[in-house]
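In the working numbering, the protein residues as written are 1341 to 1504.
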């Protein structure tokens, strides 16, 4: 038997060029996809915080009606830049996550509109025994949560106490 009669064993695997092409394709896909994912994640977290804020304001309104008391929801900024929504003991406080704390919170009413800068009480939204908003004026009182990249979501409370 000669050497020509023997079949050479097949080599299995990938060449270096094939591996490098796959790595380049994955790298380009990641470079395109990661910024979109980060933006989507930020919007999702901000939307989630806004939904939780709305839910807590609805609970405050219901607590005011059920307990026949006035419930004030105060947005407080601490010295360490954490934001908290407190209810004066009527409900458990809500901590607003850092996705919002890195941006701005705007509490607007009929009389004032301001962007938060220093620590302290940033604004209050109150509900009376009938579930109506306790604030002067006829317009809606708003809380706008703004991310560091400028994405904004708003919760508004009408004079009738309806929360959107």
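From the three backbone atoms N, C-alpha and C, an ideal C-beta is built for every residue, glycine too.
Practice problem: Ignore the nearest five residues each way along the sequence and tell me which others in residue 1469's own chain have a CB closer than 8 Å to its CB. | Solution: Numbered from 1 along the chain shown, position 129 holds the residue referred to as residue 1469. Excluding sequence neighbours, residue 1469 sits near 1404, 1405, 1408, 1409, 1410.
Quiz item: Between the stretch 1351-1369 and the stretch 1461-1477, do at least 3 Cβ pairs fall closer than 8 Å?
Solution: no
Quiz item: Smallest Cα separation from residue 1427: which of 1362, 1415, 1503?
Solution: Numbered from 1 along the chain shown, position 87 holds the residue referred to as residue 1427. Among 1362, 1415, 1503, the Cα nearest to that of residue 1427 is on 1415.
Self-check item: Pairwise C-alpha distance: residue 1400 and residue 1434
Solution: As a first step, residue 1434 is located in the chain shown; it is residue number 94 there, counting from the start. As a first step, residue 1400 is located in the chain shown; it is residue number 60 there, counting from the start. Taking the straight line joining both Cα atoms gives about 12 Å.
Exercise. Go ahead and pull the three-state DSSP assignment for residue 1407.
Key: Taking the first residue of the chain shown as position 1, residue 1407 is located at position 67. Three-state DSSP puts residue 1407 in a helix.
Self-check item: residue 1387 (DSSP reduced to helix, strand or coil)
Solution: Taking the chain shown and counting its residues from 1, one reaches residue 1387 at position 47. Of the three classes helix, strand and coil, the one that applies to residue 1387 here is helix, per DSSP.
Self-check item: Inter-stretch contact at 8 Å, needing at least 3 Cβ pairs: the stretch 1385-1399 / the stretch 1489-1500
Solution: In the pairwise beta carbon analysis, the stretch 1385-1399 is classified as touching the stretch 1489-1500: at least three pairs are separated by under 8 Å.
Quiz item: Using CA coordinates, which residue listed in 1476, 1402, 1460 is at the minimum distance from residue 1422?
Solution: The residue you call residue 1422 lines up with position 82 of the chain shown. Ranking the options by Cα distance to residue 1422, first place goes to 1460.
Self-check item: residue 1503: first and last residue of the uninterrupted beta strand (DSSP E) it sits in
Solution: As a working mapping, residue 1503 is identified with position 163 in the chain shown. No beta strand (DSSP E) contains residue 1503, which DSSP labels as neither H nor E.
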